[in-house]
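**Q** Numbering that gives the first Met the number 0 puts the sequence shown at residues 0 to 738. Beta carbons: idealized from backbone N, C-alpha and C, even for Gly. Take this structure, written in structure tokens, and hold onto it; I'll ask about it next.
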Amino acid sequence: MSRLFYTEPAGGDWERALPIGNGRLGAMIYGEKTEERYQLNEETLWSGGPMNRINPDARENLPEIRRKIFEGRIPEAERLMKYALTGTPQSERAYQTLGELYLDLMDTVTEPADYERELDLSCALHRVRVKDGKTGITYYRESFASAEADVLVIRLTADCSGSVCVGAMAGRTCFYDSTWQEEDAVYFRGNTAEGGPSFCAGVMAVAEGADVRVTGEHVLVRGAEAVTILVGASTTFREKDPAAAVRERLRRAASIPYETLRAEHVAEYRRWFDACRLELSYDRAKDRMPTDERLKQEEPDNGLLQLYFDFGRYLLISSSRPGCLPANLQGIWNREMSPPWGSRYTININTEMNYWPAESLGLSDCHKPLFELLRRMAENGEKTAADMYGCRGFVAHHNTDIWGDTAPQDMYIPATYWVMGGAWLCTHVWEHYEYTGDREFLQEMYPVLKSAVLFFVDYLVEYEGCYVTCPSVSPENTYILPDGTKGCNGFGSAMDSEILRDLFGQFLQAAEILGETDKAFLEEAREIREKLPPIRIGSAGQILEWFREYGEAEPGHRHISHLYALHPSSQITPDGTPELAKAAGVTLERRLSNGGGHTGWSRAWIINMYARLWDGERAWKNLEALLKKSTLPNLLDCHPPFQIDGNFGAVAAMGEMLLQSGGGRTVALPALPARWPDGKICGICGRGGFRYDMEWRDGRLTELSAEALTDGAATVLCVEDKKYDLFLQRGQRFEWRRE
Ligand code: FUC
Numbered sequence: 000m001s002r003l004f005y006t007e008p009a010g011g012d013w014e015r016a017l018p019i020g021n022g023r024l025g026a027m028i029y030g031e032k033t034e035e036r037y038q039l040n041e042e043t044l045w046s047g048g049p050m051n052r053i054n055p056d057a058r059e060n061l062p063e064i065r066r067k068i069f070e071g072r073i074p075e076a077e078r079l080m081k082y083a084l085t086g087t088p089q090s091e092r093a094y095q096t097l098g099e100l101y102l103d104l105m106d107t108v109t110e111p112a113d114y115e116r117e118l119d120l121s122c123a124l125h126r127v128r129v130k131d132g133k134t135g136i137t138y139y140r141e142s143f144a145s146a147e148a149d150v151l152v153i154r155l156t157a158d159c160s161g162s163v164c165v166g167a168m169a170g171r172t173c174f175y176d177s178t179w180q181e182e183d184a185v186y187f188r189g190n191t192a193e194g195g196p197s198f199c200a201g202v203m204a205v206a207e208g209a210d211v212r213v214t215g216e217h218v219l220v221r222g223a224e225a226v227t228i229l230v231g232a233s234t235t236f237r238e239k240d241p242a243a244a245v246r247e248r249l250r251r252a253a254s255i256p257y258e259t260l261r262a263e264h265v266a267e268y269r270r271w272f273d274a275c276r277l278e279l280s281y282d283r284a285k286d287r288m289p290t291d292e293r294l295k296q297e298e299p300d301n302g303l304l305q306l307y308f309d310f311g312r313y314l315l316i317s318s319s320r321p322g323c324l325p326a327n328l329q330g331i332w333n334r335e336m337s338p339p340w341g342s343r344y345t346i347n348i349n350t351e352m353n354y355w356p357a358e359s360l361g362l363s364d365c366h367k368p369l370f371e372l373l374r375r376m377a378e379n380g381e382k383t384a385a386d387m388y389g390c391r392g393f394v395a396h397h398n399t400d401i402w403g404d405t406a407p408q409d410m411y412i413p414a415t416y417w418v419m420g421g422a423w424l425c426t427h428v429w430e431h432y433e434y435t436g437d438r439e440f441l442q443e444m445y446p447v448l449k450s451a452v453l454f455f456v457d458y459l460v461e462y463e464g465c466y467v468t469c470p471s472v473s474p475e476n477t478y479i480l481p482d483g484t485k486g487c488n489g490f491g492s493a494m495d496s497e498i499l500r501d502l503f504g505q506f507l508q509a510a511e512i513l514g515e516t517d518k519a520f521l522e523e524a525r526e527i528r529e530k531l532p533p534i535r536i537g538s539a540g541q542i543l544e545w546f547r548e549y550g551e552a553e554p555g556h557r558h559i560s561h562l563y564a565l566h567p568s569s570q571i572t573p574d575g576t577p578e579l580a581k582a583a584g585v586t587l588e589r590r591l592s593n594g595g596g597h598t599g600w601s602r603a604w605i606i607n608m609y610a611r612l613w614d615g616e617r618a619w620k621n622l623e624a625l626l627k628k629s630t631l632p633n634l635l636d637c638h639p640p641f642q643i644d645g646n647f648g649a650v651a652a653m654g655e656m657l658l659q660s661g662g663g664r665t666v667a668l669p670a671l672p673a674r675w676p677d678g679k680i681c682g683i684c685g686r687g688g689f690r691y692d693m694e695w696r697d698g699r700l701t702e703l704s705a706e707a708l709t710d711g712a713a714t715v716l717c718v719e720d721k722k723y724d725l726f727l728q729r730g731q732r733f734e735w736r737r738e
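Laid out in structure tokens, this is it:
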């Protein structure tokens with residue numbers, strides 16, 4: 000059994016509360032003793048509607064900005080960028096909390112004695128058990144977020160007949176317009192800003208052995224055998240009449256017996272969760288340590304890592320189901336009206352990181368919401384490209400919201416004027432194709448890829464024989480010119496060229512696969528790709544971050560954008576480009592020895608990078624650091640504050656330590672640390688269309704089985720120093736066993 004468990008409640012501390020979610024509805028459960036509290040979310044409840052924020056002065060000033068940049072007059076250029084490129088208004092919409100659900104337990108527990116709460120990851124059930132010392136009665140609460148019924152379900156029972164009492168009330172403390180009651184339910188509804196979503200949420204109770212009454216805003220049950228509380232919520236983002244939708248969902252769920260609701264939920268969840276399973280050898284006695292205590296150990300044990308791995312997959316399943324929105328900076332779990340960075344989609348690393356484990360760890364379908372958002376962005380981004388830059392195609396900057404906003408976000412010189420957001424997300428389209436071989440999907444998304452390419456065909460400028468981006472930043476770092484001037488924006492940052500090499504290359508491959516015939520355009524794209532600046536090595540043996548070797552204002556910066564080529568891309572590999580791989584190692588060392596890796600996501604990226612350098616020990620060391628320094632008691636990642644990317648990035652990295660695919664080859668156990676001598680992973684996936692089961696003993700692979708997920712699945716499989724050419728039809732297997 001894979002579970003987080005605690006012997007104390009969250010005590011009002013959100014960072015100790017535990018998440019449940021069905022991709023759309025989310026709750027953080029505090030697991031209190033004498034009363035109960037759930038912080039609630041509905042993923043489409045954002046602060047307002049779509050806007051046109053494109054700065055009307057952008058296009059006219061672009062030539063002047065470029066001229067100043069190429070003349071090295073960076074502060075002047077950046078001042079003008081601030082005025083002429085910043086979005087009007089500066090900010091996109093923000094994700095908001097829905098509210099809270101309170102359960103008044105009517106003094107049934109006044110002297111809590113025996114207590115435990117747990118989140119069971121193998122079936123996505125949260126449980127609380129609390130005994131009242133005075134009466135000797137033990138009370139149980141079991142909660143889950145049902146995707147099937149699309150409601151949150153809470154079941155209250157006790158070990159003594161007729162003793163369950165509860166008063167349930169949901170609200171938003173402020174910012175809602177009205178409530179209304181039915182005989183067994185209470186609803187509240189409200190509006191966000193003009194043009195933004197209107198919402199409705201409702202709480203309903205079903206009691207066994209007692210009546211349900213509504214008094215004021217409370218749904219009340221006294222002396223029942225058992226009570227099921229149902230919570231639903233919706234907004235006009237998806238439904239015309241959220242109140243009717245919520246009411247209908249609650250009524251339907253109320254008509255289904257609890258055991259059936261639960262069984263359907265568990266079966267549905269397991270289809271996702273069981274697709275990939277990691278087993279590391281560890282001391283089973285550690286499973287008796289409460290999770291927060293276990294996290295405090297001098298060194299994390301392998302059982303904790305296995306749990307962390309399961310938790311990461313659980314979080315993606317719970318926050319990013321097909322038909323839902325993608326996981327934002329907090330997945331779907333946000334307690335604030337005005338959360339850090341709007342709890343938006345920050346697409347200069349964070350959103351991409353959220354999806355790093357999707358394909359490799361058996362959750363390919365969880366990737367789909369990202370493509371829906373990307374389509375919206377591609378539509379809006381055409382206007383942004385035309386109006387701001389006079390370019391064809393689509394562009395997105397470093398953030399987006401549920402409306403797919405593509406204009407620059409904030410007025411933050413090191414980040415705001417980056418034009419690579421759409422391009423980076425487009426590489427995810429190719430990734431999904433590489434894992435699944437889904438040609439139809441590639442066909443559907445091809446116009447988006449083409450549009451992204453088209454933008455850069457127009458945007459790139461020729462400079463010293465290369466095609467470079469301008470303006471360009473290496474997110475969110477600052478360089479120093481020889482005369483001491485500091486700047487962020489310039490031309491041809493390494494990351495831009497690396498992303499574009501992938502984008503253009505993938506576009507050309509897609510065109511070939513799909514038999515596209517637009518010869519002149521494809522030829523143009525090919526020529527441009529050849530003239531993108533190459534990856535260069537600097538005087539300290541490091542990968543250069545900018546077009547030239549500048550001084551570094553923050554050598555320990557959290558972003559390591561120029562190593563995009565190492566991970567997530569496969570442009571740098573130890574076997575294909577050993578010199579560059581060595582330089583990437585130097586780059587990481589320099590970042591880390593200057594204080595790098597201080598945010599959760601930055602550390603998670605570093606683990607992936609060391610895994611890609613086949614350095615299992617450094618990968619392990621950083622994984623350990625992530626658990627010790629950047630993980631909250633509820634195992635959520637800490638930026639600080641809570642930000643979910645680190646969870647996803649780190650479990651993806653655990654996968655990368657065990658199996659790596661890219662550049663036409665797949666490597667088994669490339670970065671196995673000494674700390675994982677024995678283990679097993681089932682259902683890890685690789686590019687080319689394969690799913691693998693592997694087992695290893697004493698640090699050496701003992702068995703491997705590869706199953707083709709698609710017709711014509713192909714890769715060169717590297718097992719130790721042997722190479723196997725795999726070309727299989729769907730369902731066929733390749734088996735390897737140590738003699
Ligand atoms: C990027 C990062 C920050 C933070 C924010 C949401 O701007 O540089 O560290 O993660 O996104």
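Kindly indicate which three-state DSSP category Y744 falls into: helix, strand or coil?
**A** No statement about residue 744 is possible, as the shown extent of the chain runs from 0 to 738 and does not include it.
**Q** In whole angstroms, give me the CA-to-CA distance for E358 and D614.
**A** Rounded to the nearest angstrom, the two C-alpha atoms are 23 Å apart.
**Q** For R374, is the beta carbon positioned less than 7 Å from some heavy atom of the ligand FUC?
**A** Checking the Cβ of R374 against the ligand FUC gives no.
**Q** Give the DSSP bridge partners of F187, in chain order.
**A** T178 and A200, per the DSSP bridge assignment.
**Q** Are there any heavy atoms of the ligand FUC lying less than 7 Å away from the beta-carbon of W600, as far as the coordinates show?
**A** Yes; taking the cut-off as 7 Å, the Cβ of W600 has a heavy atom of the ligand FUC nearer than that.
**Q** Pull up the DSSP beta-bridge partners for Q505, would you.
**A** Paired residues: none, contrary to the question.
**Q** Looking at C-alpha atoms only, which residue of T235, G584, Y37 and I527 is the closest neighbour of Q541?
**A** Looking at the Cα atoms, G584 is the closest of the given residues.
**Q** DSSP state of A536, grouped into three classes?
**A** Per the sequence presented here, residue 536 reads as Ile, with Ala not at that position. Strand.
**Q** Let me know the secondary structure DSSP gives K82 once reduced to three states.
**A** Rather than Lys, the amino acid found at residue 82 in this sequence is Tyr. Reduced to three states, the DSSP call for Y82 is helix.
**Q** Taking the alpha-carbon positions, what's the A377 to E523 distance?
**A** Their backbone Cα atoms lie some 21 Å apart in a straight line.
**Q** With DSSP as the reference, label H431 as helix, strand or coil.
**A** H431: helix per DSSP, three-state reduction.
**Q** Cα separation between R248 and A610?
**A** Whole-angstrom Cα-Cα distance: 45 Å.
**Q** Please report the distance separating the alpha-carbon of M288 from that of V202.
**A** Rounded to whole angstroms, M288 to V202 spans 35 Å at the Cα level.
**Q** Starting from L151, follow the beta strand (DSSP E) in both directions and report where the run begins and ends.
**A** Taken as a continuous stretch (DSSP letters only), the beta strand (DSSP E) holding L151 covers V150 to A157.
**Q** Could you compute how far the alpha carbon of L562 sits from the alpha carbon of A667?
**A** Roughly 22 Å between the two C-alpha positions.
**Q** Report buried or exposed for Q296, applying the criterion of at least 16 other Cβ atoms within 10 angstroms of its Cβ.
**A** Exposed is the call here.
**Q** Quick check: P18 and S233, are their CB atoms within less than 8 Å of each other?
**A** For P18 and S233, no; Cβs fall outside 8 Å.
**Q** Do you know offhand how far E461's Cα is from V467's?
**A** E461 and V467: Cα-Cα distance of roughly 6 Å.
**Q** Comparing C-alpha positions only, which one of A406, H396 and I412 sits nearest to G421?
**A** If we check each option's Cα against that of G421, H396 comes out closest.
**Q** Flag R590 as yes when its Cβ comes closer than 7 Å to any non-hydrogen atom of the ligand FUC, and as no otherwise.
**A** Because no heavy atom of the ligand FUC lies under 7 Å away, the Cβ of R590 does not count as near it: no.
**Q** Any idea which residues DSSP pairs P111 with across the strands?
**A** D131.
**Q** Do P356 and L294 have their C-beta atoms within less than 8 Å of each other?
**A** Their beta carbons are not under 8 Å apart, which means P356 does not touch L294 by this criterion.
**Q** Buried or exposed: E430, going by 16 or more other Cβ atoms within 10 Å of its Cβ?
**A** Looking at its Cβ environment, which holds 16 or more other Cβ atoms inside 10 Å, E430 is buried.
**Q** Go ahead and pull the three-state DSSP assignment for R737.
**A** Correct three-state label for R737: coil.
**Q** Does any heavy atom of the ligand FUC sit closer than 7 Å to the C-beta of W45?
**A** No - the ligand FUC has no heavy atom lying nearer than 7 Å to the Cβ of W45.
**Q** Does the segment 588-604 come into contact with the segment 544-555, if we say contact requires no fewer than three beta-carbon pairs (one atom in each stretch) closer than 8 Å?
**A** Yes, the segment 588-604 touches the segment 544-555.
**Q** Using a Cβ-Cβ cutoff of less than 6 Å, which residues in the same chain neighbour Y281 once the five nearest sequence positions on both sides are dropped?
**A** Closer than 6 Å at the Cβ level, and outside the excluded window around Y281, lie D300, N301 and G302.
**Q** With a threshold of 6 Å on Cβ separation, who are the neighbours of S162 within its own chain once the five nearest residues in sequence on each side are excluded?
**A** Same-chain partners within the cutoff: I136.
**Q** To which residues does DSSP link S142 through a beta bridge?
**A** Per DSSP, H125 and I153.
**Q** Would you kindly work out how many angstroms separate the C-alpha atoms of A200 and I53, rounded to a whole number?
**A** Computed Cα separation, rounded: 34 Å.
**Q** Once you ignore the five residues that flank G734 on each side, which residues in its own chain have a CB closer than 7 Å to its CB?
**A** In the sequence as displayed, the identity of residue 734 is Glu instead of Gly. Excluding sequence neighbours, E734 sits near S704.
**Q** For the beta strand (DSSP E) containing I606, list its first residue and its last residue.
**A** Note, I606: premise wrong, no beta strand (DSSP E); alpha helix (DSSP H) at G599 to R611.
**Q** May I ask whether a heavy atom of the ligand FUC can be found less than 7 Å away from the beta carbon of N753?
**A** Any answer about residue 753 is impossible in this case: the structure gives the chain only from 0 up to 738.
**Q** At a threshold of 7 Å, does Q642 count as lining the ligand FUC (C-beta to nearest heavy atom)?
**A** For the ligand FUC, at least one heavy atom lies less than 7 Å from the Cβ of Q642.
**Q** Tell me the DSSP secondary structure of H558 in three-state form.
**A** If DSSP states are grouped into helix, strand and coil, H558 belongs with coil.
**Q** What is the rounded straight-line gap between the Cα of L304 and the Cα of D286?
**A** Using only the alpha carbons, I get a separation of about 12 Å.
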